[in-house]
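Working notes for the structure below.
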Amino acid sequence: MGLFGRSRFHALTVSEPLSYRREGPIAGARFKHGRSGEHMIRYLPFVIELALVIFCLIDCIQTDSWRVRNLDKAMWILLIIFLPIIGSIAWLVAGRPQPERRPSVAWPSGATAGFPEYERPRAPRGPDDDPEFLRQLQRSNDEHEQLLKEWEADLRRRETEQRRGQSSGNDNEPEPDLPPAA
């Protein structure tokens, strides 16, 4: 007997099938097709095949044409579609590109591992460490200095011309137009 009254299950007898023993809204009802898990197992090979075909088809489509092995990319796609199991397995075995292998060394500790000293990738340098950049800056600074000197010389020349013009009596300047007198 249960905690709150009647037991959820009847006493087991040999004559009653298991589907009759449970109480509740489906008590005494038999399942038509047996256990529900049997249907799942029946469709499992089709689901696995479909998943394999979809995976291989997407993988083949997304792979660059120059990396595909043994056949053209279009031929692999047709093979996967028309012969699903054989084509998918063949793609995985013979058509899919091999992963790129890095040189294995005894000390794989960083980006420069496995390279001789002269082949090691150089660390990016800042612009203030680059000699070409510094030469370009120096050229630009020299050009600006030269331009500034030319402007200063031109300014001095105009100032001296203006002083000479003022000291000679301003004869060269025209008189301003006056409004007519009334």
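Each number in my numbering corresponds to the 1-based position in the sequence shown with 1112 added.
Here a beta-carbon is modelled for each residue, glycine too, at the ideal position from N, C-alpha and C.
Treat the numbers as computed from the prediction; the structure is a model and nothing was measured.
Burial state of residue i (16 or more Cβ within 10 Å)
i	result
V1180	buried
W1188	buried
S1252	exposed
L1191	buried
G1238	exposed
W1203	buried
S1279	exposed
S1200	buried
G1207	buried
Which of helix, strand or coil DSSP assigns to residue i
i	result
P1209	coil
L1195	coil
D1242	coil
D1184	coil
T1272	helix
S1280	coil
R1237	coil
D1176	coil
Contact belief for residue i with residue j at Cβ below 8 Å, rounded distance in angstroms
i	j	result
I1198	E1161	The pair is not a contact, with the Cβ atoms about 11 Å apart (cut-off 8 Å).
K1185	C1172	7 Å
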